[in-house]
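Contents: one structure, followed by commentary.
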Amino acid sequence: MIVVDTNVVAYLLLPGPQTSAAEALLEAEQAWSAQRRGAVSLDQAIALQHHAETLVITHEEPVHSEDVLHLVASSGCSAYDCESVAAAQQLGVPLITADQALLTAFPDLAQALPITPA
388 MIVVDTNVVA YLLLPGPQTS AAEALLEAEQ AWSAQRRGAV SLDQAIALQH HAETLVITHE
448 EPVHSEDVLH LVASSGCSAY DCESVAAAQQ LGVPLITADQ ALLTAFPDLA QALPITPA
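Numbered continuously in my numbering, the sequence shown closes out at residue 505.
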């Protein structure tokens, strides 16, 4: 299992330059956990959200607010971002992200989504 940042889920569901990397990650590691957060219509967004939820719904990881706030205080990252960090720490798994602030603040835990050539 890995924790994935919301943007990685978006890369998987919204075709673009990072879609193949997200697809390869899903093929390599099929158990994803994520925290939740307009270029698409409301109907498309709803359909995408349902799809995204099927990827992570069985692996939602509740986190303690105190843990999140300690991470915020030590990193300067947002509480929203630190929820994913706390989930990865609790599970003892890497956090896959394209968020440079998370990669910088948590180099021992956060890993960049590998970019694959198109």
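Just so you know, even glycine gets a beta-carbon here, dropped at the ideal spot from N, CA and C.
Predicted model, so just to flag it, every value in this text is computed and none were measured.
Assigned secondary structure, residue i (DSSP; H/G/I helix, E/B strand, else coil)
i: residue 471; result: helix
i: residue 433; result: helix
i: residue 442; result: helix
Nearest-angstrom Cβ-Cβ length linking residue i and residue j, presumed shorter than 8 Å
i: residue 442; j: residue 419; result: 5 Å
Cutoff 6 Å; reference residue i; Cβ partners in own chain excluding five residues on either side
i: residue 471; result: 390, 392, 422, 482
i: residue 488; result: 464
i: residue 394; result: 485
Residue from the options whose Cα sits closest to the Cα of residue i
i: residue 486; options: 413, 497, 476, 478; result: 497
i: residue 453; options: 474, 433, 438; result: 474
i: residue 446; options: 416, 493, 404; result: 416
i: residue 558; options: 451, 449, 493; result: Nothing can be reported for residue 558: it is not among the residues displayed for the chain, which extend from 388 to 505.
Residue i versus residue j: straight-line alpha-carbon distance, rounded
i: residue 495; j: residue 430; result: 39 Å
i: residue 414; j: residue 501; result: 13 Å
i: residue 406; j: residue 466; result: 26 Å
i: residue 477; j: residue 468; result: 15 Å
Proximal residues to residue i (C-beta, below 7 Å), its chain only, five neighbours per side dropped
i: residue 490; result: 484, 497, 499
Neighbourhood of residue i by C-beta, 8 Å cutoff - its chain only, sequence neighbours within 5 removed
i: residue 437; result: none
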